[in-house]
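A.B. asks:
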Amino acid sequence: MLQYFISTSLVNAAARARAAWDWVLEASFRNPDPQVFVAPRGRDRAFVLFAVSVLVSFSVPLAMCGCMGGQIVGAIAGAGSLQASPSSVSFGSVPMGTTTSASVSFVNQGSVDVQVSKVSLAGQSFAVSGAGDLPITVAAGRAFNLNVSFSPAAMGSATGELTISSDTAAGGTLVVALNGAGAAAPTVPTPVPTPVLSTLSCINNAVTGATSDSCTVELNVAAPSGGFTVGLASNDAAATVPASVTVSAGSTSASFTAAISAVTSAQTAILTASAGSVAETFALQLDASTSSQPAASTPVLTGLSCAIVSMTGAGTDTCSVTLNGTALTGGFSVTLASNNLALTVPASISVAAGSNSASFTATLASVTTAQTATMTASANGVLEEFPLQLNVGASGLSINATSVAFGNVPLNSTVTQTVQLTASGPLPIIVAAATVQGSGFSITGATFPLTMAIGQTVMIEVTFDPMSAGAATGQLIIASTALTGGTSVISLSGTGDLNEVSLTWDAPESSPDPVAGYNIYRTPSGSNSYVQLNSAVVTQTSYFDTSVEEGQTYDYIVESVDALGVTSAPSNMASVNIP
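To get my numbering, take the position in the sequence shown, counting from 1, and add 154.
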């Protein structure tokens, strides 16, 4: 902060302007903040504290490049003896995240050498290589080649121009038209999972006498066209089941009936359902019809199931074990295990006394390929299995902002803010391009296309350099294989401010001749040709000079005015430099 300390007497211009001044001028600040402090020195003197602040602006030139577009020159087939082959290049439809290249030859068909001084490119998503160090000389009858590539930044049509500047007689400019279209990246069809037998259960865990029990087989996913056949069996002649049952296409379960014959002694019938290499069992307690026959005292593990049969990405699943009867005093312990490191379960779980089931949580980690994890529950020689399908989670790109506001920015100065991109999901992603639209906005910080690893963060610096006063809007467009629709749009906004000098001062605290207002004067530094800035008396103790120019230095003074228009002597002078 600059500070000026000045003390100067004010001479009364007339009898009515004669006053005893004991007021002090103070400053309100802008950027930067020069201040003028005036110390009181007694009566019949006016002391002005004069504060000046300047809004400083700097100009940063914008460079044109192929990625941002450039000046477009009218297309022609050739320039003098220099001819292009082909005269236009069409890349056709190109999937997002990929690049297509083409070669263009420039042939000197004349009898004298041609010097190529400049190669420039206009049009978003196009790039050129092979120019080497310029200028280059193309001998008569010779040619030089350039490689032009197209990496679509967005869906839809894109056009551009490759311009060659040379010293040929016919204008020296040769233009090759470019066009192409961004297309959606090909999608990989999601494989249809193969159904796996997951559960065999019956309504009743125990039956008495001759009766029947309704049972159900369940799959982890819906059955395909043609259905899914599950084989059935029983180890006890007193419990008979069909040889098989078919799960209808599109369904995940099918029911069948187990016929129970009367038994003379309590026994356990093990029903088995099998499909492929997977087998599920259900223990059915058969009791004698006499009331004096004691029931089985030890429960049997009969089921293992989970709420979710197919998981995408990381997560948890709620699972449970089931007994054919209630656990006795002390509970019933079941051992748990998993055959896949991506699926973790507790080592064991206990069914509380008096209950026939207990729940636990299975934790699943992300996988890079689809696979099946099988968890098992075992107790007293009985084993239950549950297959869980693990699918690859979709890759994602998170962006830390949906809009960027730059606020008020002085003309010819710049303000930069950062947008952060973070890759998420199990697979790397490709950010095809990041482009900016809108006057005064530009980006730096990364080169595209860019492959981002899992968890990688990339910073894009967005700069606002207002070209004119007033509001400006724009967009930052990011194209990626991980974004829905291929692109994400971040809105940009800012306002360009003019240069100005802010003048403030304090009114006198007491005076026999009241002050009616003030006049403000300015002159280029070093000159005594002061010009009054205000067209009417300023009644406030502040004034904004918005007519300053860059690179100038100005001197300011203030005079107080009474009710008859009589002015005091000028205040101390303060200088301000406008960079």
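Don't be surprised by glycine CBs; every beta carbon is placed ideally from N, CA and C. Computed from a prediction, not measured in an experiment: that's the story for all the values here.
(1) Kindly give me the distance between the Cβ atoms of Leu490 and Met465, rounded to whole angstroms, as I take these residues to be in contact under 8 angstroms.
(2) In chain order, what residues of the same chain have a beta carbon less than 7 angstroms from the beta carbon of Ser398, not counting five sequence neighbours either side?
(3) Can you check which of these residues, Ile462, Glu703 and Met727, is closest to Ile711 by C-alpha distance?
(4) Would you call Gly430 buried or exposed, if buried means 16 or more other Cβ atoms sit within 10 Å of its Cβ?
(5) With which residues is Ile674 paired in a DSSP beta bridge?
(6) Nearest to Val730 by CA position, among Ala717, Tyr708, Leu718 and Ala723, is which residue?
(7) Would you give the residue range spanned by the beta strand (DSSP E) that Ser601 belongs to?
(8) Pull up the distance between the alpha-carbon of Phe595 and that of Leu630, whole angstroms please.
(9) Can you tell me where the beta strand (DSSP E) with Ala625 in it begins and where it stops?
(10) Would Ser443 and Thr362 be called neighbours here (beta carbons separated by less than 7 angstroms)?
(11) Does the distance from the C-beta atom of Cys369 to that of Ala412 stay below 7 angstroms?
(12) Look at the alpha carbon of Val227 and the alpha carbon of Val268, and state the distance between them as a whole number of angstroms.
(13) For Ile357, count neighbouring C-beta atoms within 10 Å of its own C-beta (all shown protein chains included) and say buried if the count is 16 or more, exposed if not.
(14) With distances taken Cα to Cα, identify the nearest neighbour of Phe624 among Thr435, Gln571, Ala661 and Asn562.
(15) What would DSSP say about Gly380, mapped onto helix, strand or coil?
(16) What number of angstroms, rounded off, separates the C-alpha of Leu518 from the C-alpha of Gly467?
(17) Quick one, are the C-beta atoms of Ala670 and Ala723 less than 7 angstroms apart?
(18) What is the DSSP secondary structure of Met155, counted as helix, strand or coil?
(19) Comparing alpha-carbon positions, which option in Ala423, Val475 and Val569 lies nearest Ser532?
(20) Under 7 angstroms Cβ to Cβ from Pro620, same chain only, skipping five residues before and after it: list those, please.
(21) Rounding to the nearest angstrom, what Cα-Cα distance links Tyr697 and Gly277 in this structure?
(22) Does the structure place the region 601 to 613 close enough to the region 580 to 593 that three or more beta carbon pairs sit under 8 angstroms?
(23) How about Ser504 and Gly485: do their beta carbons lie closer than 7 angstroms?
(24) Could you tell me if Ala427 is buried or exposed, where buried requires 16 or more neighbouring beta carbons within 10 angstroms of its beta carbon?
(25) If you drop the 5 nearest sequence neighbours on each side, which residues of the same chain put their C-beta closer than 8 angstroms to that of Glu538?
(26) Tell me the rounded alpha-carbon separation between Ala555 and Ala633.
(27) In or out: Thr693 buried (at least 16 other Cβ within 10 Å) or exposed?
(28) Could you check the C-alpha separation between Ser714 and Ser645 for me, to the nearest Å?
(29) Using the three-state DSSP reduction, which class does Met621 fall into: helix, strand or coil?
(30) Verify whether the separation of the beta carbon atoms of Ser259 and Ser283 is less than 7 angstroms.
(31) Using alpha carbons as the reference points, say which of Ser419, Ser303, Ser520 and Pro289 lies closest to Asp748.
C.D. replies: By the coordinates alone:
(1) Within the sequence shown, numbered from 1, the residue matching residue 490 stands at position 336. Within the sequence shown, numbered from 1, the residue matching residue 465 stands at position 311. Going by Cβ atoms, the distance from Leu490 to Met465 rounds to 17 angstroms, so no, they are not a contact pair.
(2) Position 244 of the sequence shown holds residue 398. The residues are Thr383, Val384, Gly385 and Leu386.
(3) Against the sequence shown, residue 711 aligns to sequence position 557. Of the candidates Ile462, Glu703 and Met727, the one whose C-alpha sits nearest the C-alpha of Ile711 is Met727.
(4) In the sequence shown, residue 430 corresponds to position 276, counting from 1. Around the beta-carbon of Gly430, fewer than 16 other beta-carbon atoms lie within 10 Å, marking it exposed.
(5) As a position in the sequence shown, residue 674 is number 520, starting the count at 1. Ile674 pairs with Val712.
(6) For the purposes of this step, residue 730 is taken as the residue at position 576 of the sequence shown. Considering only alpha carbons, the answer is Tyr708.
(7) Position 447 of the sequence shown, counted from the first residue, corresponds to residue 601. Reading the sequence as shown, one finds Thr at residue 601 and not Ser. Taken as a continuous stretch (DSSP letters only), Thr601 belongs to no beta strand (DSSP E), as it is neither H nor E.
(8) The residue you call residue 595 lines up with position 441 of the sequence shown. The residue you call residue 630 lines up with position 476 of the sequence shown. The alpha-carbon atoms of Phe595 and Leu630 are separated by roughly 9 angstroms.
(9) Counted from its first residue, the sequence shown places residue 625 at position 471. Counting along the chain, the beta strand (DSSP E) containing Ala625 begins and ends at Gly624 to Ser634.
(10) On the sequence shown, residue 443 is found 289 positions in, with the first residue counted as 1. On the sequence shown, residue 362 is found 208 positions in, with the first residue counted as 1. The answer is yes: Cβ separation under 7 angstroms.
(11) Within the sequence shown, numbered from 1, the residue matching residue 369 stands at position 215. Within the sequence shown, numbered from 1, the residue matching residue 412 stands at position 258. Contact flag set, yes.
(12) As a first step, residue 227 is located in the sequence shown; it is residue number 73 there, counting from the start. As a first step, residue 268 is located in the sequence shown; it is residue number 114 there, counting from the start. Residue confidence for Val227 is low, a pLDDT of 33 falling below 50, so the modelled location carries little weight; the figure read from the coordinates is stated next. Our two residues, Val227 and Val268, have alpha carbons roughly 20 angstroms apart in a direct line.
(13) The sequence position of residue 357 within the sequence shown is 203, counting from 1. So Ile357 counts as exposed.
(14) On the sequence shown, position 470 is the one that residue 624 refers to. Per the sequence shown, residue 624 should be read as Gly rather than Phe. Check the Cα spacing between Gly624 and each of Thr435, Gln571, Ala661 and Asn562: the tightest is with Asn562.
(15) For the purposes of this step, residue 380 is identified with residue 226 of the sequence shown, where counting begins at 1. Coil.
(16) Residue numbering aside, residue 518 sits at position 364 when the sequence shown is read from its first letter. Residue numbering aside, residue 467 sits at position 313 when the sequence shown is read from its first letter. Between Leu518 and Gly467, the C-alpha separation is close to 8 angstroms.
(17) Within the sequence shown, numbered from 1, the residue matching residue 670 stands at position 516. Within the sequence shown, numbered from 1, the residue matching residue 723 stands at position 569. No, these two residues do not count as a Cβ contact at 7 angstroms.
(18) Taking the first residue of the sequence shown as 1, we reach residue 155 at position 1. Confidence at Met155 is low in this model, with a pLDDT of 28, below 50, so the placement of that residue should be treated as unreliable; the coordinate-derived value is given next. Residue state for Met155 is assigned as coil, using DSSP reduced to three classes.
(19) Locating residue 532 in the sequence shown gives position 378, where the first residue counts as 1. Of the candidates Ala423, Val475 and Val569, the residue whose Cα lies closest to the Cα of Ser532 is Val475.
(20) Translated into the one-based positions of the sequence shown, residue 620 becomes position 466. Taken in chain order, the residues that qualify are Val563, Leu565, Gly594, Ala626, Gly648 and Gly650.
(21) For this step, residue 697 is matched to residue 543 along the sequence shown. For this step, residue 277 is matched to residue 123 along the sequence shown. Each residue's alpha carbon lies about 48 angstroms from the other.
(22) yes
(23) Translated into positions along the sequence shown, residue 504 becomes position 350. Translated into positions along the sequence shown, residue 485 becomes position 331. In this structure, Gly485 lies closer than 7 angstroms to Ser504 by Cβ.
(24) Within the sequence shown, residue 427 is the residue found at index 273, counting from 1. Result: buried.
(25) Against the sequence shown, residue 538 aligns to sequence position 384. Glu434, Thr435, Leu455, Thr456, Gly457, Leu458, Val475, Thr530, Ala531 and Ser532, listed in sequence order.
(26) In the sequence shown, counting from the first residue as 1, residue 555 sits at position 401. In the sequence shown, counting from the first residue as 1, residue 633 sits at position 479. About 15 angstroms.
(27) Here the question's residue 693 lines up with position 539 in the sequence shown. That one is exposed.
(28) Your numbering for residue 714 matches position 560 in the sequence shown. Your numbering for residue 645 matches position 491 in the sequence shown. Spanning the two alpha carbons is a distance of roughly 49 angstroms.
(29) On the sequence shown, residue 621 is found 467 positions in, with the first residue counted as 1. Of the three classes helix, strand and coil, the one that applies to Met621 here is coil, per DSSP.
(30) Taking the sequence shown and counting its residues from 1, one reaches residue 259 at position 105. Taking the sequence shown and counting its residues from 1, one reaches residue 283 at position 129. In this structure, Ser259 sits away from Ser283, with a CB-CB distance that is not shorter than 7 angstroms.
(31) For residue 748 there is no data in the structure shown, the boundaries of the chain being 155 and 733.
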